[in-house]
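Peer 1: This is the structure, below, for whatever I ask next.
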Amino acid sequence: MREDAAGYNSRAQKARVWTEGWVLRQMYCPSCGSEPLTEFGNNRPVADFQCLICQEEYELKSTGKKFGKKINDGAYATMMARLESDTVPSLMLLRYTATDKMVQDLSVIPKQFFVTDLIEKRKPLAASARRAGWVGCNILIDRVPKAGRIDLVTNRIAVPKDTVIDRWAKTQFLRGKSLATKGWVLDVLNCVEKIGQAEFTLADVYAFENYLGEMHPENNNVKPKIRQQLQVLRDAGVLEFLGRGRYRVR
Ligand SMILES: [Zn+2]
Numbered sequence: 483m484r485e486d487a488a489g490y491n492s493r494a495q496k497a498r499v500w501t502e503g504w505v506l507r508q509m510y511c512p513s514c515g516s517e518p519l520t521e522f523g524n525n526r527p528v529a530d531f532q533c534l535i536c537q538e539e540y541e542l543k544s545t546g547k548k549f550g551k552k553i554n555d556g557a558y559a560t561m562m563a564r565l566e567s568d569t570v571p572s573l574m575l576l577r578y579t580a581t582d583k584m585v586q587d588l589s590v591i592p593k594q595f596f597v598t599d600l601i602e603k604r605k606p607l608a609a610s611a612r613r614a615g616w617v618g619c620n621i622l623i624d625r626v627p628k629a630g631r632i633d634l635v636t637n638r639i640a641v642p643k644d645t646v647i648d649r650w651a652k653t654q655f656l657r658g659k660s661l662a663t664k665g666w667v668l669d670v671l672n673c674v675e676k677i678g679q680a681e682f683t684l685a686d687v688y689a690f691e692n693y694l695g696e697m698h699p700e701n702n703n704v705k706p707k708i709r710q711q712l713q714v715l716r717d718a719g720v721l722e723f724l725g726r727g728r729y730r731v732r
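Its first residue numbered 483, the sequence shown is counted upward by one per residue in our numbering.
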């Protein structure tokens with residue numbers, strides 16, 4: 483049992499080393515397109531890579547299996563403090579095949595998509611654990627709207643760099659907005675994506691009124707709030723207003 487665990491840990495460690503090396507050799511900065519990315523020293527455990535041109539910071543999570551709905555991350559309190567101070571790194575998700583050391587898929591979630599709702603507090607570690615009482619967190623990646631999950635490599639094929647930079651640029655409007663404001667915009671964007679049509683009506687979005695009301699119990703005027711977010715998304719170039727309560731996803 484103990485040997486298996488040690489074997490697993492050393493495999494995970496080896497995978498970490500080569501996937502990090504791969505990103506340093508092959509990846510450009512998905513925010514500005516500069517290359518290469520630079521590795522942070524061990525004294526800076528917040529993120530794994532940095533772009534020296536635009537200062538964007540990245541954390542890399544790798545798996546040889548498949549990413550589930552949530553990803554295990556560090557201490558809950560640290561994550562919440564980073565959210566408040568807007569210092570969360572953007573998150574790279576890399577899936578590899580262990581047999582031939584190939585990168586299967588790679589995507590990035592820009593840091594502007596990180597909101598409080600995405601972070602789940604885990605149970606404190608048991609009294610018997612080495613770090614008893616320590617509280618970690620999970621990142622609920624299934625709550626990130628599609629617009630916030632930018633593909634860099636899919637099925638071993640690199641997405642054109644221009645496409646990546648375009649998609650990143652389209653999310654830039656979220657930068658600098660407060661956590662509460664971002665929460666509303668992203669929730670409405672999620673609803674629009676759930677409608678799943680290129681064209682939709684205001685009534686289609688109003689159908690989520692109860693759902694959004696439950697997510698934001700502090701707000702009693704959900705409909706005006708919905709209209710306000712649709713305007714934000716229009717100003718950001720995500721949506722187009724067609725008139726008479728009709729919208730199109732751009
Ligand atoms: Zn950059």
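For glycine and all other residues, C-beta sits at the position ideal for the given N, C-alpha and C.
Beta-carbon separation of D750 and I621 under 8 Å?
Peer 2: Nothing about residue 750 can be reported from this structure: the residues present for the chain run from 483 to 732 only.
Peer 1: Under the rule that 16 or more other beta-carbon atoms within 10 Å means buried, what is I639, buried or exposed?
Peer 2: Result: exposed.
Peer 1: Which residues, in chain order, sit with a beta-carbon under 6 Å away from any heavy atom of ligand 1?
Peer 2: That gives C511, S513, C514, S516, C533, I535, C536 and E538.
Peer 1: Counting along the chain, where does the beta strand (DSSP E) carrying L634 start and finish?
Peer 2: Start and end: I632 to T636.
Peer 1: Could you pull the DSSP bridge partners for N620 from this structure?
Peer 2: Partner(s): N554 and E602.
Peer 1: Taking only three categories from DSSP, how would you classify V499?
Peer 2: V499 falls in the helix class under three-state DSSP.
Peer 1: Spatial neighbours of T636 within its chain, please: C-beta separation below 7 Å, excluding the five flanking residues on both sides.
Peer 2: Only D587 meet the Cβ criterion.
Peer 1: Unbroken beta strand (DSSP E) runs of length 3 or more, entirely within the stretch 625-710: which are they?
Peer 2: You should have 632-636 and 681-683.
Peer 1: By a C-beta neighbour count over all protein chains shown, 10 Å radius and 16 as the cutoff for buried, is P627 buried or exposed?
Peer 2: So P627 ends up on the buried side.
Peer 1: Please state whether the Cβ-Cβ distance between I623 and K707 is less than 8 Å.
Peer 2: Cβ atoms of I623 and K707: not closer than 8 Å.
Peer 1: Relative to the C-alpha of F549, which candidate in P571, T560, V590 and F655 has its C-alpha closest?
Peer 2: The shortest Cα separation from F549 among P571, T560, V590 and F655 belongs to V590.
Peer 1: So what does DSSP say about V570, is it helix, strand or coil?
Peer 2: Of the three classes helix, strand and coil, the one that applies to V570 here is coil, per DSSP.
Peer 1: Within this structure, are the beta carbons of V670 and Q711 separated by less than 8 Å?
Peer 2: A contact, by the Cβ cut-off of 8 Å.
Peer 1: Residues in the same chain with beta-carbon distance under 7 Å from P571, minus the five sequence neighbours each way, listed in chain order, please.
Peer 2: These residues qualify, in order along the chain: V528, A529, E539, Y540, E541 and K593.
Peer 1: Assign M584 to buried or exposed, taking buried as 16 or more other Cβ atoms, counted over all protein chains shown, within 10 Å of its Cβ.
Peer 2: Under this definition M584 is an exposed residue.
Peer 1: May I have the straight-line CA-CA distance separating F723 from Y688, to the nearest angstrom?
Peer 2: The alpha-carbon atoms of F723 and Y688 are separated by roughly 16 Å.
Peer 1: Alpha carbon to alpha carbon, what distance is there between C514 and R625?
Peer 2: Answer to the nearest angstrom: the Cα atoms are 25 Å apart.
Peer 1: Sort out for me which residues DSSP pairs S544 with in a bridge.
Peer 2: BP columns for S544 point to L576.
Peer 1: Between the alpha carbons of D599 and A559, how many angstroms are there, rounded?
Peer 2: Between D599 and A559, the C-alpha separation is close to 14 Å.
Peer 1: What separation, rounded to the nearest whole angstrom, lies between the Cα atoms of Q679 and V731?
Peer 2: Those two C-alpha atoms are separated by around 8 Å.
Peer 1: With DSSP as the reference, label Q594 as helix, strand or coil.
Peer 2: Correct three-state label for Q594: helix.
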